[in-house]
Structure formats: C-alpha cells, structure tokens
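Below is one structure, written out as structure tokens; the observations come after it.
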Amino acid sequence: MQLTQAQIDAITRSGQDVCVIAGPGSGKTRVLIERFAWLVEERNIDPSRILAITFTEKAATEIKERLIRRFAERFERDPVLRESIERAWVSTIHGFCARLLRENAIAAGLSPDFTVLDQPAAESMAREAAENALDQMFSERPGDMRGLLESLDLSTDDYARKPDLAKSLLDVYESMRVAGLRELPVARVVDDIWPRARELASAILADGTARGKDVPLLREFASRLLALGDEVTLEHFEALSPVKWFHLGRIGNGTRAHAAAKELKEEVVRLLQQQWVAIWHAGSARLLREAISRIDALYREAKRREAAIDFAGLEEETIRLLESDTDLRQRTASRFDQILMDELQDTNALQWRLVGLIRRTLFAVGDINQSIYGFRHAEPAVFAKYRDSLMEAGARVDDLRENHRSLPEILGAVSRALDGQKGIEPRPLIASRSDGNFAPAVELLVGRGEEGNEIDQEKLDAEDVEASMVAARIREFCPDNRDSGGVALKDIAILVRALGATKPFERALDRFGVPFLVSGGRTFLEAREIRDVMALLAALVNPLDEIAVVGVLRSPLVGMSDEETFRMGRDGWRAEFERWFGKLRPMAGFVAPDLLLASALDECGYAAGLTDRARANVEKFLAHIRREHRRQPSPLAELLDSLEALRATQSEAEAAPPEAGNVVRVMTIHAAKGLEFPIVFVSALHRGIDQSKPAIAFSTRAGLGAKWRNPFTGAGQADRAHKKIVEEIKEREAAEENRLLYVAMTRAEDHLILSYAEKKRASGWPKLVNTAIGPPRIGDRVMPAPNTAAHAAHAAHGAILAGSVQWLDPPAIASRHDAAAAVTSIALFHACPRKYLLSSIGSGMQHWADRDLEKNAREDDCGGFEKRDNLTDDQGDAGIAFGSEVHRILAGEEGATDQVHTTELAVELASRFTGSELGQRAARATRVEREFDFLFYFEDVVLRGQIDLWFEEGGELIVVDYKTDRVSDDRESSEAYALQLQIYALSLERYAGRAADRAVLYYLRPDKMIDVPIDPGAARAAVLAFLNAQDAAGDPLNPDPMNSYPMKPGEQCRRCAFFGNLCVGTAAVEGTVDRATG
Amino acid sequence: MAESLLITGPPGSGKSRAALDHFHSKSGSLLVTPTATMAEHIRHQLARALSPVRPSRIITLAAFLNRTGAPAAASKPALHLAIEEALDRLRPARFQAVAEYSGFRNALASLMEEVERDALAPDLARLYDEVEQGLARRGAALRNVRLRAAAQLARQLPGELPAQIVFDGFFSFSNAELNLIESLAARTGIVVTLPEGPGGNASDWPGAAAARSRLLRAGFREFRCASVFRTPELEAFCAPTLEQETEEIARRILEEAARGRPFHEMGIVLRTRDPYAPALKTTLARFGIPARLYFAESLSAHPAIAFLAGAVRALLDGWDHGELLRLVRMPVSGVGATPDGDRFDFDLRQLLPGRGLPLRGLVSREASENSAKSSTDALLGSLLDSFAAMNAWMRDRLEPAEWAARIRTLRALIPQPAIAGNISSQTLNAWTSSARALDALDEVLEETAALFGGTKAGLGGTQAGIGPAPVSLKSAGRITLTDFWRHFEAALELKEMRIPDHRREVVHVFDVFEARQWELPVVFVCGMNERHFPQYHREDPLLNDAARRRAGLKTSAELQREERSLFHLATTRATAKTMVSYARFDEKGDATLPSFFLAALPSSFPDDMPVSKRAALCEIRVRPRPARNVPGLIKGLINVMSVRSSRPIRDPELLERLATGHRTLSPSAIERFLQCPFQFFADRSLRLRPRPAAPRDRLDMLVQGSIIHAAIAALEEMPLLGAAVFDHEFAAEIAKLRIPAGYRAEAVRLEMLRNFTTFLADRSVSHGFKLGWSARVEEKFRIALTPELSVRGRIDRLEVGPNGEALVIDYKYSAAKTIRDRVKDQDKGEVVQAGLYLLAAVKEFGLTPAGMLYCGLKKEVEWGGWHVPLAGFEKIGECCTRDRLDELTEAAAATAVTVFESIASGEIGVRPADESKCAWCDYRDICRIDTQ
Ligand code: SF4
C-alpha cells in the first residue's frame, strides 16, 4: 500500500524532534519502519546508530523482521548493511538497559553475568523479602508492630483476594520505585484545618441568633470542640462523632451558625478526621516507612545474593549509571543519531527520564487514546507534555488520522460511544476503507437473565445467555468450523476485560463445538491436565498423599473408575500407583524431572486424550520444570512446593503457545493491543473494574497515605493523603476505562460485535455502547447448540486429535556396547563378569565396600571407568602403588618420579627381570618398546591397552607383561592375564608390522615366567562375549541386566574386594572358600 | 630445519584430512587438538581406520604443555582461590562493588586465562601479578604463562621433541600460542590448520586471519584446501515450539534409522548447550533413541553429592528439620522413595518447624521400636543416627586434610547398592553415576585439602609425574568445619563431571565447537533463531573492544562475525544431509525471529518466500507409543471430554459398604453431599488423607474456627476471664500446631481477638434471656431418623427455657454475608443443620423447639435464623411459628433421608451445587471439574 502524505510527512520530518500521533489503524509500525529506512537510505545513517525502543519484545521482533524484509533487496549488494540491520538496537527499554548494564557491569556494580528476573520470580523474591522484613520487625518490636497491625484494616491471609500487609507494602514499594525514589518521602505537609475548625466552633457559639431543634446539640458539639487541647487524643475523635447527630435543616437557615455548621459538617470535620487520624497513627506511618526501607534492603540483598535484577531495577540502575558517569552518558548518547520510540503514551516517568539522558533527537509515536497501562504506572501525560512542548517551541506535530483498518461504521460507533468521554482526546477517526461486505458492521448482543430477582442468579444466567449468543453468532459465521464466506475461525477474536470473564464463553464455545484458544491466561496452572500432572508429581513425591494418588488413578493417566477406587481402598491405591509408576520414584534426581514426568505420561498414552490446547499446556509445563531444574536442580518435593506456591500466589504463569491453527482467539483487551481481527467480539461489557482501593498507597503528589482505623469507632478512616490518592486512582481509572473500550473496539476490521449480560442498572460500558449502537439483539434464554457435523466432530475432539498424532515405536537397537574398552576390562570380564560389572559401576563401589584404592595411573584413561586395574586388587593400596613403582623402574623412569622413595624391594624385583635371560635379550634387542600404549580395533570395539615390554631380538618378536602379585598359581587370574597378553600380542601385529612370536607373563615375585599361547580365536571369543553382555545389559527393556554379568565363583573370590560384600555370590561359593583375610 | 606448513581452507574442505596425512607421514609425529574429546574422537577414528596410532601421540594442547615441563595448569579452584586472595589483598577500588560476585570472579578467571598481562589496565595488571604469584606459590601457572614457559623451554632445552607436531582443530591462535608454535617450528616440523570463512576468505574467520599472516611471516608455507568437497543435501524445517522441534528431530532420526542408518552416523549440533541440550535429552530418551551428549554436568547438582553436601550444610545449619526432610526424601538416601520414608516424611512434616538432632518424639521411629523393623526403617534409623553423630564434628578443629578424610567417610551415608536380580539398567546407570560422582567428590576434597593444607596432591598438574612437583602452601593449620566447608563448597561449585557413556551406537549431541572435527552422514543443526544462532555478542565489561583489539583478542564485532562462520561450520559437518530447524514461538508464546543465516542457505525454496516461511512447517505431532496397552488411552478420551459423568457405583457389595459406612451422618456431611456428592465421597467414603500442611499454612479457616469455638466454650466455664480465654485458646492451638509466631500469626490473632471482643460486647441474645433460662454448651447428640440412618452432631449452645423450650445456637466463624446466605439457602434444600439440630433438641433432649440461630462472628456479629416469638429477640432472625420450625425439621429430615438414599444407591458424581464453592474444596484438583 502507498504511504499517505501524512505518513510521508512524518517519516521525512527533520530538523526537529518528531512527535507522531498515530491513531488506531493508522500504520504506526509502518511509519516507524519507514522512518528507520529513511534514516538509513536518505540520511546515510548506519543502522547501528539508531536506537528503536518498543513496548514489548514481540513488537521488537516484529519490527526487526519487517526491517529485514524492507531491506531484503539491498542485502545482495550490501552484506554489511545486512549485518548492521541484524544487530540494530531494536528492543524494549528493558532490553536496552540490560545490554547497557551488561557492557558496563563493573561500573554499574553488577555481576557481569547478572540474570534478569522475570515477573513471577521477582514477585516471589520480593514477597519473601517483605515477609521476612515484617517478621524481623515484629520480633524486634512486637508492641509497635501490633499497633500497626491494629491500626490498619487489611487481610490476614496472603492468598485472599484482598491484599494483606506484605502485599500492600509491596505495591507501595513498586510505585515508589517507578517514581524514581529510593525511599518514601515523609507525607506532604497539608494545611492545618484545626484553626479553621476552632474558628467555626467559636462562630457557632458566638451566634446567639440561631434557632432550631438541633441548635443545642450543635452548640454542645462546638463547645466540646473548643475544649479540646492541641494534642490529638482519643477524646478528639470522640468529640467529632456527634457531628452526625445534628441536621442542618434543624438549624436556623441563613444564620452564621448555620453557615459555620454547614462548613463543619460538610467539609471541615471530614478533613479534621483525616488530619487527626494521620497524627494519631503517625507512629504507625513511620513504621510503614520503616517497613518499606527494610523490604527494600532485604530485597536488594536477595537480588544481590542471586546476582539478579528485576525490571524496575534495570531502569533504576541504568539511570544511576548514566547520571553518575558523565563520560559514559555522553558516549552512550553519541552512539545514537536518533532514538525511535514506539507507544510513548505507555512510558512511565522513570523510562522517560532515562530516554532524556541519552537522547539527542527523538522520533516518538503514540496515541494517548490508546494508553491502557496506567495500572503498570504508564503515564500518558509524558506523551502529552512532549507533544505540547514541541508545539510550544513551534515545531510541527504529525497527526495520522486516517484509519486503514476498520470500516467507517465501526469507527462511527467508536466515536459515538466515546467522543467527549473522560480520557479520550477528541480526534476524528477517518476511515480510508469502505469495502466491507457486512451489514450491519456493528452489532450489539445483550443476554438477559432468565429467572429470579436474586442478583447472583440473574448474573449467572445472563452471562450464560450472552455467551451462548456469542457462540451462536460465531456458528453463523463459520457453520462447520471451516472457512466460509471468506471468514475463518482464526479471523475471530473475543475480547474481554479480564480473564476472569472467559469462563462462560469457554463453556458456550465448547458446547457449540467451536475450537478456541484462551491466550495470555493465568489459567495455566489451573488447567485440568496440569492438575493431573501436578497430582502425578505430588504422588511421586509421596504416595501417602492420597488425594494426589486417587487423583492420578481416576485421571486419564490410569483411568480407573470411582467404583474401582472405592473397592481398592487405601492399600490398593498405593499398590496400584506403585504398579504404574513405582519404578520411576527411585529415579528422581538421576533423571531430569521433566523426563520423569514425560515418561510417565508417555507410558499412559496420556497425550492421546488431550485437546490441542491441553497438550500445549502439558508441553509448557514440562518445559517450565525443565528450565527450573536446569536453573536450580532440586528434589522433586521442592519442585512441587515451588509450583504450588506459584499457583497459590497466582503469579501470572505463561500461556500455552499460540500455535492454535484455525481457532477463535479469546483474550484480554490488553493482550489484543497491537492486534487486529476481521471480526471482533468485545464481550462481557458488564463486568466492571475492581472497585476496591488499596488501604496503603503512595503517589508522588500525595506521598504515603493509608486508610487507618478510627481509634474511637474502629471504622476505616482515610488520612488526607490516602483520600487524595484514591481520587487520583479513580480519575485515572475512569479515563483508562474509556480508553480500554476504545482500544477494544478499534481492533475490528470488518465486523464489531459488542455484547453484555444485562444487569439491573446498566452502567459503564453497557451504557456507553447502548447510546452508540442500537437497537441491541436481546436474548433471554441460553441458545441451544446446533447438532451439526462440526459439533459432533468437536465433541470427539480428542479422537480427532489422536488421529493426527503419529505414534512412534522405539527403535530396534542391535548394538549397545561401548565403542571402546580397555584390554584389562576384557580380561577382568573374562575372569568374572560380575566382578567386572561391580568395578565398572565404578570405583565408588569400592568405597562402599570400604576399600580405598589409590588411582592407578598406568593406563591412559580416556574418561573410561577402568581407572583401577582390578586384577591386582588383592594387594590393596600399597600393592598397587608398589606395582606401579616396579613398572616405572622397568620402564626406565626411576629418576622422573614424584614417588618419595624407591623401595629396595621394588628395585630388587625389577632386577630379577633385567637379570633374567629374557631381560638380557630385551637389552640386546634391535627394536624395543616399553610401556607401549596402543589402540586396536577388533570386533567392532576399539581396545586400548599398554604393553609393558615388547622387543625384537634374534628375529623373534616377544611381548612381555610383568606381574608383581603373587597369583601365579591362581587359575582364573592366570587365565585372565593370559587373555590380556594374547590381545596385546594380536594388537602388536598392526604396530610392529608382524605377528608376535611369543607372549610371556613374567611373575616377578616368584621370578617365574609363563609362556602364553597366542590364540586369536580365544581372544575373539572373549571380546565377543564381553560385547554381547553389554548389548544385552544395555537394553532398557531387559528385565534382568545383571544376568549378563554372571558370577564366576571360585578361588579368586578369596581375594575379591566385593566378596561377601557387594557380591551375593557368597552363597554360590559357600563352603568352598572363606572370606579372605588380606 | 624441518618445513613448517600452514593448511587453510573453509570448513569441510578437508584440512583435517590433509593434517592427518602429514601426521601419518612421519613416525613419531604428535597431533595436538584443542579438546580431550576431540583427541579421543580422532584416536578412535584412526583406530577404526586400522591405522596403527599410539594414543599418546594424539593429545590436547594442555597435555602437550604438561609434557614440555612448563608449570602445571592452575586448577579452577586454585585459580579462584588466588583471585580471592588477590582481591582481598589489593582491594582495587574499581571492583569494590562487584568483588563478591562469583560472576565477576568467573569473568576475571577466564580473562586471566585468556589475556596477556601487558594488555591489561594497571589495576587489572596488578591483580594479574598477584594471582600469578599466588599460583606460583602453589606450583601452578596461568595459561599464557605456561605457554610462554613452554616456548622458552622448547627453544632452550636439549630434550627431544617429536619428529613433527600437527596442530589441528583450532579456530585461531593467541599471540602466546603463536609464540610457542614459532619456537617449536625452530626445532621440529610443524603443521598447523586454520579455518577460513565460507567465502574462502580468511578474514571471514576473525582471529584466524591474524594468526595466518603471522605464521606466513614466520616462514610457514601455506597450502590451501580451496574447494569444499562435501555438498550435503540440505533441508530446513520449523516447528511451533522448541519441544516440538526436538520431537521432529527425533522423528526424523527414527526415520533415518528405519532406513538402516546407524545412530552413530547422526549428530545434532547446538550453538550452545542451553536451552536445547536438556530438551533433546528428554525427547530422545522418550523416543528410545540412544544419544550421547557431550556436555559436562555440574557435580554439585548430582543427587549423591547434593545429598552428602546437603548433610554437611544441614549440620552447619543446626539440622533444620525442613532441610533434614529434604535430605532424607531424596531417593539416593535409600529411604527416600520407600514406604517408611514416606511415613517419616509425613510425620516430620507435621512437626515442622524444628531444628536439631537427634529427633525426639518422632512417631514412626518410636512405634517401630517394638514392632518388627522393616529394613528401610532400620536404614532410616541409622541414617538419622549417623547424622546425629556428625554433631560432634562441630567441636573439632582439624587439618584440612583431616577434614577431607572425614568428609570422605560420609559416602557411607549412601546405602550400598543391593546387587541382586531384577535390577533395571536405569538403576545400574544410577549407581554408575553415583560412583563416578563420589570419585569426583574425592578429587575436590583432595584439591581443597591441598590448597589449604599440607598435602601434596591435587594442585594443578593433571599428569602426575610430569612437570615440577607442586609446592603446597603452608598448612592453614587446624580449622573448623565451617572454614573448611566454605572453601570446599566454592571448589565444589566449580567442579564438573561427565557421566561415563562409551556406547557406540548413539546419536551425538554436541555444540558447534565440539563438532568441528566430526564428520557424520546426517547432521541436525537446531535452534536457528536470532539470538540463539547467531548469538549476540556485546562488549566485555572487563576488557572493552579497544583493549581487546590491542591484546590481539577477538572483539565483540569479531565474535559476531564468527557466528556466521560457526553456522557454516555446523552445516558442513554432514556428508549426506544437513537438516536445520528452528522454533516459531518462544516459551512465552511470542513469535521468534528465524536466524538470518537461513537466508544464506543455498536452498531449494522459492526465493520470493520470506525467510521464516521457507522452512517447512511440521504439523505432525509425534508421541512414543505407550509401552503398555493402556486403558487410559481409551478412557482418557471419555474422561477428558466429560468430567461430570463420573459414574455411580453399582456393585451391590460396594453399595452395601456405602450404606453401612454412612448409616450415621452429621449435618455437615449431609451438606457436603448436597454441595457435591463427589466431595462427600472423597471426604467421607474414601477418606482421602492429604499431605500435612506447611507450618505457615496451618492457621487456616478451619483452625481459626475451632479456636473461636473453643474460646466460646471456655467462656462458659470462666465467664469472668472475658477475652483472655481467647488468648489462652489461641496460644494453646498455636503451640499444638507448631505455627510460627511471626507477624502473620499475630495479625490473625489480633483480627480474631477483635472479632471475639465484638462478640463479647454483643448483648443481642443474652439480653433476651430472662431468668429461668439456662445454657448447655457443646451438646452432643445422635438421633435415629430411620432404622438405617442416624444423625449425629454437636450443638454449640442450647438455651433451655423454663418450660423446656430450646433455642439452638450455632456459632460460625464467618462473615455476615455467609450467615445471610445460609438462612436464604435454607429453602433451597441445601442446608439441613438448623432442621436437624431442632430435631435433636426434641428427640435427644426432650425439649420443645423454640428456634435456631446462627451467629456469625467475623468482622461483626450477625445473627440469623428462626424462632418463635420471644421477648427480646425481636431484632434477631425471623420470628416464626412453631409450624415453621417443624417445617424446617421435616424438610431437613427428609433431605437427610434422601441424601442417605442417594449415597446408598451409589451416587457419587461430581456435581457441585455451587461452583463458586469449588475454590475452597480440597478435592478440586482431582475431581477434574474446571475451576478458575
Ligand atoms: S471442587 Fe467442586 S466439583 Fe470438585 S469435588 Fe469439590 S465441590 Fe465437587
């Protein structure tokens, strides 16, 4: 689409800061992107010198993607441009802060690897800080804290909807931080109303002319006031309470006393109460301030401990850094030729201050009418001020009025409903399109309650009626869930104010068979399938948790009927649970929790019955615990606790991914910001905002305010600051209410349908839309769901989806053996497969067996587990060290050793060989290698080993292995040694270029030489037996892998470290051998 | 002089092959690689190719340095200790605020290993010197120092050098490395490979270009492998989420395997370990695909180590019972996942919070003294005894080595595996990994002891016997466990371990750096998203780009450029097929940006499609086929779709059980049934026991209600005490339930006290009673409604008039609205209490009903109910006739009978009368109703 002139003007405006007022559908993002392009193309600005700040990550991603597409053509010619676009600074303000802080972590006093806490994590950390702060203060000053607790009317339950003290303080803390303050200022001094009250009281007493029934009461009241001292006491409050007893009508009209009484009653007493209550509770207010500082300190400390920073902290720290380091500030500012800023109306004061620190020229886009983030401290006034200051300076402000999104009827409805309303700036919406084929383009549906005057009853049913009307209307658009008349389900969105309102719609859509997706929900941990998985987790943690166990049994995981459950009884439940999932429990900790749960779900085929949405939830859940586990591995029980805490505090859990395909989207208006849909339902309009106001609150204008208890009546009594803050909040909410509706309605392209459930008194939104759109279509009964094919299909939703799942069988795996093995392992296996297994499970076993063996460094260990040569383990530590020593001497390394001393025995044993005939031959050899390490690929395994000695002498190639132990007459060991030597001999062929002629085992202690026949067949058989055992044992479906490693009881058991200990072979050899003594 | 050769070329051009040819061409050659796994991989590869290679001829650069006789490498703990000491001593102002952060120390450690001293700012240079000295005292040195020493030694010493040294697999070389290479080149033949960027342009591979020109200047002859001889087939796909991306990879692997491709011919290349490695690990395991992940695990996270270290931490912390529970509950303790452990868990949970060992008064242990102990119970007992025995450690001061030895003995806490039949391969694996972890723990203990004490082992040197003997510090002397532990824990955190896995038939999963010397027929490159691949690099806060440039280190811009080369490298690992993939949405559900590298792929996709759309979108969902024939698979469909249709019980025997089991009902049970039959069933028929509440959750509404009731009852006996009875009851309950006395409990107390005081002040009822009325409190009753059904209950207060009139009063710790609702709901048939209590007044106590009043006690006192005209009660409740009271009674009795009949007929469906009450139902998680 061509750019409009207004857009072009905005894009190319130069020589001034730019302010673009961009109404809904006016192509805001496009303007931003074109501006970027213009700067690059026309002004030759390097993309890396442009800072673009968006409101959400999502928007940043979108802008980047569109930029890439915008420049795609040029990339061929200009790869450098591509790179700089890829790395351009397009991010949220938090992203920008994080980057700046990371690059300057040291100067900012942050850990270079600091983590940015997400909202739920920050909340729970802050919550804990608040709890600890209050507990500390309570234990230090119980009396004062008791006073504080009594002076406020707050919830005592942190799970309640009404905030408790900790939550209230945290809210105050947040507003304080967003205001850029490190500590709470003392409440603003307000005019003292007391003198005026006295004046009025005196006037009443002085006026003798007043007549009327209540005059005596009034005079008594006045004199009592005058009798009060200056210091506020309980009596003061008591003295004020009679103000309600006298009626102004019963006091002579027109008299001075009447005027004074009027002022007192209607104004001054209220103010006085506010003033006194503040004075009376000044101590508690101080305590509140102290609590805030304490929370701040503890929270900071906690963040510091974790090297973490929260979102507000990113802004705070960046500002601090830039303000304290002029040089850095200048460098940062000069890094950017221009700052592009999106959604300026949703910026808060702190962010604006930050931008101010680095901006040279600014191009800001926004629309006050779309500012809906006041509850997150956005200040639309920032935008207004910016715009006004430009205008005052004589600069141009660009106003994009043309709406390219919605049909004129829709915009007309918006104007009729909202023009002139509070918070809405009067700006015409000009439709640039008129191609709609819907008539009417705007509708209003009203659900009327069926029965009863009972308020609750009416509300309930009317909501269901409304929802059914919405569902029925959607059915009309898409009769069978397939695209129809150019409308697909995914073109339809239902927008509501808060997710709490979605329930009736979910029910109705389900009933009508309309697939949908609720996005942006905090419903995640509450979803049924997640509760199933949580029950599974809880039951795995402890199957005595019978609620969890029975939950698992009757869920589709096991699918047991209640009848079966009842029949079984508690022992049965446990047994049944163990039968299904028992084998998983001991694996906890050894496998990641997500795998543990996923295996359980897979085993049950749980996914088969799930809808797409539910499956996405389960997937999300598993991903969540995987991330948590990776971040901080903890036992299952703790994982369960933290998930439950997350659920209890209702921290906003993430939504299921929007990979919904062709479904109706149900979302909040806030989530819909920036989106557009052909057909938009703005529903549940009757749902008002939460009217409750915080009991403790802070604003920069009013300071800290609270609603205290009146010490005399016990009733709630706001102090003046609180009053003022509540007014501010109301003002803001009223304005934002209207803007919220404005945003909602302007999401629609072709068709806007508003709906609500009728309440006794139409107020708020219903009232606004009633006047703008009419006449409504009224429903007074729950619409029946049509019995269509689509409906039937949806009812069997699970089945359909199960059809789209491809079930994969586990692969057949032929070989599971190791790629490589040490020759000693083969020999060890040959000597006794069980012993091999026990040692291969690890030397840790040896420790369990209470044998502490020194490491044997003789064989190069490539990460294998055969660290110790277990063939010689009969000698214990000293033996192995000694063996190594002898080997070293024979290898000619006497000198270069960290061995403290060389024992005489070692030298002597070594000399037995050197003095032997064989030793002499070796000395004469033409080729000789000692401690010869090798790799030998044999029967699909790479064998590694080390040959003590081989040499070629007199045309004969001889392999020698020295032994320092005493086992020369032990059959099994000798056999194993022989096998080892045979493999050595075979391997040599590759290295020496010829086969070995002779293999000799040399027992040094008895000075005995044994010639080992070279038998490739035996070696091959031994290696294959080894590999086969591994293949069989590695099969996860093998019920008894131990079987692959049978015991080979015999004489050698005497010297085996595992004998009688880890080896249950005792029974098998009982009677034949006794436990060796050493 | 032997010739020095530089082999250059883009990834996949055969540089490594050329290097290996040179390696083989001369016997006695040495091949030097950057990593140990790479060395091993090459060794095995050569062995399989039947080439007679000596494993000791293929080593890492670090091992090579050890051989040259250069000082030992500083182990991580040693380096960190040296840094800590240096920071302590010098206290550089610039780092004051960050000195405590381990992240800062890590950054410092890697900087010091990377950079040469002269490139550093003065304060950093001073730190460097200090660290260097600290290490030297321990016989170890920083990497560059070792390189320098090795270069020196290579030049001067007469020792024999290998006939030829081949350096392969390095991306680039630092100045110090180049110095070494040059010194070696002076004495022996050297072959070096260096990569080039995809375009065959050396400068596309930052760092390599500088190294190349320097080597050329030093006289190296260049050999260029210009052509890429591999052009694997290329395919791109994307999936909605990262999870599904991994599933799609699994599906394709299985497909390849089904076509006969062995698993070991496939690999998955990641840019970085997170977030893909853990996800792949899970997914591949689920689909039964054997895989080996080339990533080390953190030792401290291993369950065996977490258990043992946790025990010491718990000891130092005075055995906080929560901590203790956490320890005992780990399956590795031997009792974690056993019935005895489960029982212990619940028992101890009820006693929380607490601290200290031995544990006294723990039910299960005492109970088990007389009964035959099960083996796990005995194990639990001995575990707790062992813990308790550790208390003595707190008094000791020992040499570090002694502490190390002592902590080593803790392994005895982990029960010895019972080797018997029927041990699954998973269990075997768990044992293997535990054993491996315990070994690694030993190493850390040794290292720590060596760093602080007089033992000789474990400093830096990895190869014993090579290099100078490490000189240890003077012993730290006798220290407390706390001191030793502090150092030990720091060392433990730095330790990584690899669980042994040498299977051949596995899919390889590694990062792109590890992948560089691999060649596999099929390679997946996943995570092709902006910010993941490519990663985004920013300036280093310790050494900015300008300084890095001066130091010859890669700048952030160069690292950024390297990303593209890494991508090229990753996609050229395959000989037959490369499959690149990405996820379209992130974990928040927001759309992601596909990697811009995808655009560079020579692809078969139409050019006019935007990058993100060019990859085929995978819509198929795959799942491993369930191992068993699962009934849930079918039932699941039904259950998931229709929660409310839980079917009634029909088995006559069970119906009989229901009828007999519920022949006595309380009004609250009946009301529970009326609210939801399933709730009743779960609570009263199944009698499901929940998990004990955590201390802070114990002061719930139920407990608050019972405190108030107890206080009101006590008031009857001690009316003069007034509000003090409340405090007494509250304190007693708090103590009994071990509720922590924090501000929150205090807030609850104050609120309850306020309510109680308001109640005391309320005279609305007591004023009504004239002389002759008397009160009976907490009156129990049991009345038969039918031969099968009785109702029992307890009346809070029964005011008895002079003529035997009975006014029943029931206190509720609830707000006025609840009371009003209760009265209002009376006629809806959901409330039976009033009627049944009145009936009890008649039947059990022989009185004439005069009324039934509820009294709500929260915030304000609210009275509601019905009574015959009574003086003084005009303002309270509804004044009615006897008939009306009889009506209530009859209706309640009839309802009770109907309820009983429904129960007896097996009606247990999930049917909440008021869904809004589900929020407070204990069974809402398992009834499968949708709650919000
Ligand atoms: S949550 Fe509701 S539906 Fe479920 S058992 Fe409880 S009362 Fe019944």
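From first to last, the protein sequence lines stand for chains A and B.
Add 33 to a position in the first sequence, counting from 1, and you land on the number used in the working numbering.
Add 686 to a position in the second sequence, counting from 1, and you land on the number used in the working numbering.
Glycine residues also receive a C-beta, built at the ideal position from the N, C-alpha and C atoms.
How about residue i and residue j: are their beta carbons less than 7 Å apart?
i: residue 1240 of chain B; j: residue 808 of chain B; result: no
i: residue 769 of chain A; j: residue 405 of chain A; result: yes
i: residue 974 of chain A; j: residue 864 of chain A; result: no
i: residue 768 of chain B; j: residue 821 of chain B; result: yes
i: residue 1019 of chain A; j: residue 1046 of chain A; result: no
i: residue 745 of chain A; j: residue 183 of chain A; result: no
i: residue 915 of chain A; j: residue 1035 of chain A; result: no
i: residue 22 of chain A; j: residue 919 of chain A; result: Chain A is shown only over 34 to 1111; residue 22 of chain A falls outside these bounds and no answer can be derived.
Tell me which residues share the same chain as residue i and place their Cβ nearer than 8 Å to its Cβ, disregarding the 5 neighbours each side in the sequence.
i: residue 847 of chain B; result: 840, 870, 873 and 874
Could you check whether the Cβ of residue i sits closer than 7 Å to any Cβ belonging to chain E?
i: residue 1337 of chain B; result: Any reference to chain E falls outside this structure, whose protein chains are A and B.
Going along the chain, which residues of its own chain have a beta-carbon closer than 7 Å to the beta-carbon of residue i, five neighbours each way excluded?
i: residue 37 of chain A; result: 435
i: residue 1381 of chain B; result: 1038, 1039, 1424, 1425 and 1426
i: residue 229 of chain A; result: 301
Within a Cβ cutoff of 6 Å, which residues of the same chain sit near residue i, ignoring the five residues on either side of it in sequence?
i: residue 1150 of chain B; result: Residue placement at residue 1150 of chain B cannot be trusted, given a pLDDT of 36 that sits under 50; what the coordinates show is reported in the next sentence. Once the five neighbours on either side are set aside, residue 1150 of chain B has no close Cβ partner at all.
i: residue 191 of chain A; result: 197
i: residue 1620 of chain B; result: No answer is possible for residue 1620 of chain B: the residues shown for chain B start at 687 and end at 1618.
i: residue 1619 of chain B; result: Because chain B here runs from 687 to 1618, residue 1619 of chain B falls outside it and cannot be looked at.
So if DSSP puts residue i in a beta bridge, which residue, or which two residues, is it bridged to?
i: residue 1489 of chain B; result: Residue 1489 of chain B is not bridged to any residue.
i: residue 1215 of chain B; result: B/1280
i: residue 1006 of chain A; result: Its beta-bridge partners do not exist; DSSP assigns none.
Can you give the beta carbon distance from residue i to residue j, rounded, assuming they're within the 8 Å contact cut?
i: residue 937 of chain A; j: residue 959 of chain A; result: Their Cβ separation, rounded to whole angstroms, is 33 Å, which puts residue 937 of chain A and residue 959 of chain A out of contact at 8 Å.
i: residue 710 of chain B; j: residue 737 of chain B; result: 7 Å
Which residues bound the alpha helix (DSSP H) around residue i?
i: residue 610 of chain A; result: 595-614
i: residue 1390 of chain B; result: 1387-1403
i: residue 766 of chain B; result: 762-776
Residue range of the beta strand (DSSP E) that residue i falls in?
i: residue 1261 of chain B; result: 1260-1269
i: residue 374 of chain A; result: 371-374
i: residue 718 of chain B; result: 715-719
i: residue 753 of chain A; result: Taken as a continuous stretch (DSSP letters only), residue 753 of chain A belongs to no beta strand (DSSP E), being part of the alpha helix (DSSP H) at 753-778.
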